[in-house]
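Q:
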Amino acid sequence: MEKPPSAELADKTLPKSPTGIQGLDQIVNGGLPKGRTTLVCGGPGCGKTLLAVEFLIRGAEQFGEPGVFMAFEETQEDLSKNVASLGIDLQDLIDRQKIFVDYVYLEPSEIEETGEYDLEGLFIRLGSAIDAIGAKRVVLDTIESIFSGFGNEGILRAEVRRLFRWLKEKGVTAIVTGERGEKSLTRYGLEEYVSDCVILLENRMVNKIANRILQVVKYRGSAHGTDEYPFLIGKEGLWVQPITSIGLNYPVSSQRVPTGIPALDDMLGGKGYFRGSSVLISGTAGTGKTSLAASFVDAACRRGERSLFFAFEESTAQILRNMRSIGLDLQGWIDQGLLQFHAARPSL
Ligand SMILES: Nc1ncnc2c1ncn2[C@@H]1O[C@H](COP(=O)(O)OP(=O)(O)O)[C@@H](O)[C@H]1O
Ligand SMILES: [Mg+2]
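Numbering (our numbering), first residue to last: 180 to 527.
#1: Going residue by residue through the segment 292-350, where are the continuous beta strand (DSSP E) segments of at least 3 residues, counting only ones entirely within it?
#2: Just the C-alpha distance for Ile422 and Glu348, rounded to the nearest angstrom, thanks.
#3: Taking any heavy atom of ligand 1 as the mark, which residues have a C-beta closer than 5 Å to it, listed down the chain?
#4: Roughly how far, in whole angstroms, is the beta-carbon of Tyr408 from the beta-carbon of Gln420, given that I think they are within contact range, below 8 Å?
#5: Would you kindly work out how many angstroms separate the C-alpha atoms of Gly455 and Asn390, rounded to a whole number?
#6: Look up Lys397 in the DSSP assignment and give the residues it is bridged to.
#7: Once DSSP output is grouped into helix, strand and coil, what is the label at Glu181?
#8: Straight-line CA distance for Thr216 to Arg485?
#9: Let me check you understand the geometry: is the CB of Asp320 closer than 8 Å to at least one non-hydrogen atom of ligand 2?
#10: With which residues is Gln201 paired in a DSSP beta bridge?
#11: Reducing DSSP to helix, strand and coil, say where Thr356 ends up.
#12: Within the segment 203-287, note down every full alpha helix (DSSP H) run reaching 4 residues or more, in order along the chain.
#13: I'd like to confirm something about Val207: is its beta-carbon nearer than 8 Å to some heavy atom of ligand 4, or not?
#14: Mind checking whether the beta-carbon of Thr356 lies closer than 8 Å to any heavy atom of ligand 2?
#15: Hey, Lys315 and Thr352: beta-carbon distance below 9 Å or not?
#16: Which full runs of the beta strand (DSSP E) of 3+ residues lie inside the segment 455-519, going along the chain?
#17: What do you reckon, is the C-beta of Glu253 under 8 Å from a heavy atom of ligand 2?
#18: Tell me which same chain residues have a C-beta within less than 6 Å of the C-beta of Arg237, skipping the five on either side of it?
#19: Between the Cα of Lys450 and the Cα atoms of Ser457, Pro437, Leu203, which residue gives the shortest distance?
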């Protein structure tokens with residue numbers, strides 16, 4: 180397997196655990212703080228559980244670090260089904276003892292009745308799960324479910340601190356997930372202070388289109404990208420776009436490709452566009468933007484080069500019909516396998 184780029188980015192001063200999540204390791208300069216706890220917080224459905232699961236799975240598969248997932252909300256079966264859509268075979272990793280999933284069902288009413296709930300039982304259970312597979316990574320999903328039984332604010336705060344201390348003493352790299360609070364990042368307003376690293380996820384609507392955003396709010400002892408980064412959840416897991424870390428050091432070509440319109444080629448030094456460049460054709464409705472683009476594609480197909488046409492306003496049939504009227508037979512290229520159309524609304 181190829182060495183992931185993230186491993187090379189590792190900060191020399193602070194040991195890191197690469198997440199293996201595309202783009203994220205770049206933003207956090209190599210990974211999450213090794214042997215410490217990271218809080219992943221955000222509203223419902225923003226991807227906390229998926230990020231945490233992917234951290235464990237990639238840890239087990241790519242970095243030889245087995246992991247324990249302590250779930251309070253989803254059973255092992257649910258979890259397996261949910262991550263199957265990301266192409267992850269969780270059950271297989273469980274069978275191979277690379278991942279240990281422990282579903283803990285906490286009944287708040289029982290806790291209140293006895294009034295004796297503390298974390299000792301959880302520590303014993305988690306400790307034996309860690310020992311069973313030699314886990315280096317741990318996920319607790321979510322912190323609210325652990326502390327839902329605590330009525331006394333003072334005890335709760337002391338126990339939250341105790342949990343984070345316990346995890347640190349265990350030497351595992353942990354992710355604790357947390358729901359977003361009203362006035363602070365988290366429900367109790369304390370979790371973000373006791374965590375070594377805090378990642379905030381958001382699902383924000385912009386112009387009626389959902390945008391997933393990731394932000395590293397805090398990272399003790401390390402530099403990190405501080406912007407809001409868009410991310411996607413797709414067939415291969417999370418994909419974060421580390422926009423600001425993309426450098427301007429790419430190579431360019433001096434080769435030219437004809438535009439498909441001889442007079443335009445003449446205007447462009449008699450040769451056409453630079454190969455590998457992006458050309459923006461701008462104009463109001465009906466000025467010939469699509470026709471110019473279709474001529475370019477037609478010329479490429481004439482040379483036997485394959486082309487992709489992404490259409491965001493018209494259907495394939497509509498473009499084919501309209502281009503036929505200016506003498507371009509794009510259907511012929513499609514039939515020959517030289518041209519492929521992808522027409523979809525931009526919101527997709
Ligand atoms: N295969 C998939 N492709 C695209 N999006 C997905 C896929 N599977 C889940 N999602 C998205 O991820 C969300 C669930 O994320 P999850 O990690 O469970 O959120 P949280 O734990 O923060 O509540 C779903 O609401 C859905 O939008
Ligand atoms: Mg969840």
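Just so you know, even glycine gets a beta-carbon here, dropped at the ideal spot from N, CA and C.
This structure is a prediction, so every number in the text was calculated from the model and none was measured.
A: Reading it off the structure:
#1: 316-320
#2: Against the sequence shown, residue 422 aligns to sequence position 243. Against the sequence shown, residue 348 aligns to sequence position 169. Between the alpha carbons of Ile422 and Glu348 lies a distance of about 36 Å.
#3: Pro223, Gly224, Cys225, Gly226, Lys227, Thr228, Leu229, Ser264, Ile412
#4: The residue you call residue 408 lines up with position 229 of the sequence shown. The residue you call residue 420 lines up with position 241 of the sequence shown. With a Cβ gap of about 6 Å, Tyr408 and Gln420 count as contacting.
#5: Translated into the one-based positions of the sequence shown, residue 455 becomes position 276. Translated into the one-based positions of the sequence shown, residue 390 becomes position 211. If you take the alpha carbons of Gly455 and Asn390, they lie about 29 Å apart.
#6: One-based indexing of the sequence shown puts residue 397 at position 218. Answer by DSSP bridge pairing, in chain order: Val377.
#7: Working through the sequence shown from its first residue, we reach residue 181 at position 2. Only weak support is given to the placement of Glu181: the predicted model assigns it a pLDDT of 37, under 50, and the value that follows is read from those uncertain coordinates. Looking at Glu181 - three-state DSSP - the assignment turns out to be coil, as it is neither helix nor strand.
#8: If you number the sequence shown from 1, residue 216 lands on position 37. If you number the sequence shown from 1, residue 485 lands on position 306. For Thr216 and Arg485, the gap between their C-alpha atoms comes out near 49 Å.
#9: On the sequence shown, residue 320 is found 141 positions in, with the first residue counted as 1. Flag set: Cβ of Asp320 near ligand 2.
#10: In the sequence shown, residue 201 corresponds to position 22, counting from 1. Per DSSP, Trp418.
#11: Along the sequence shown, read from residue 1 onward, the residue named residue 356 stands at position 177. Here Thr356 sits in strand by DSSP.
#12: 203-206, 227-241, 255-263, 269-274
#13: Among the ligands modelled here, namely ligand 1 and ligand 2, ligand 4 does not occur.
#14: Working through the sequence shown from its first residue, we reach residue 356 at position 177. Thr356 Cβ: within cutoff of ligand 2.
#15: Locating residue 315 in the sequence shown gives position 136, where the first residue counts as 1. Locating residue 352 in the sequence shown gives position 173, where the first residue counts as 1. In contact: Lys315 and Thr352 (Cβ atoms closer than 9 Å).
#16: 486-490
#17: As a position in the sequence shown, residue 253 is number 74, starting the count at 1. Yes - ligand 2 has a heavy atom lying nearer than 8 Å to the Cβ of Glu253.
#18: As a first step, residue 237 must be located in the sequence shown, where it is residue number 58. Excluding positions up to five away in sequence, the list reads Gly199.
#19: For the purposes of this step, residue 450 is identified with residue 271 of the sequence shown, where counting begins at 1. When each option's Cα is compared against that of Lys450, the closest is Pro437.
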